[in-house]
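Input: a single structure, listed below in structure tokens.
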Amino acid sequence: MAKEENTIKDLFIDVEYQRRGLGSSFIHQAKEEETFLTLSTFQLNKGAQKFYEFHDFVIARLGFAGAEGNAWASNKEKACRYYL
Numbered sequence: 014m015a016k017e018e019n020t021i022k023d024l025f026i027d028v029e030y031q032r033r034g035l036g037s038s039f040i041h042q043a044k045e046e047e048t049f050l051t052l053s054t055f056q057l058n059k060g061a062q063k064f065y066e067f068h069d070f071v072i073a074r075l076g077f078a079g080a081e082g083n084a085w086a087s088n089k090e091k092a093c094r095y096y097l
């Protein structure tokens, strides 16, 4: 997990290690360090949305993420911004 201040930048778990509580452990650690957290995910990534909503994050806004500076976007894609 990569975090800058109160923003979770990246949270990736290798497929072989998913569903073992590792992502939840990272989220719990981040919650202990910060009282307010934000993050973004693509709207098409329903698995990530379900995971973050399970951990009490709520959608703050919907928008678009451009490909510039974003290795995961092929072009302008719909994004969700969450907060806790």
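Take 14 as the starting number for the sequence shown in the numbering used here and just add one per residue. Positions of the beta carbon are idealized from the N, C-alpha and C atoms, including for glycine. Predicted model, so just to flag it, every value in this text is computed and none were measured.
Exclusion of the five residues before and after I40 leaves H68 as the residues of its chain whose Cβ lies within less than 7 Å of its Cβ. When the Cα atoms are used, F25 and G36 turn out to be separated by approximately 8 Å.
Pairing E47 with N19 gives a Cβ-Cβ distance under 8 Å. Counting along the chain, no beta strand (DSSP E) covers F70, and no H or E run does either. In the structure shown, G60 falls within a helical segment according to DSSP collapsed to helix, strand and coil.
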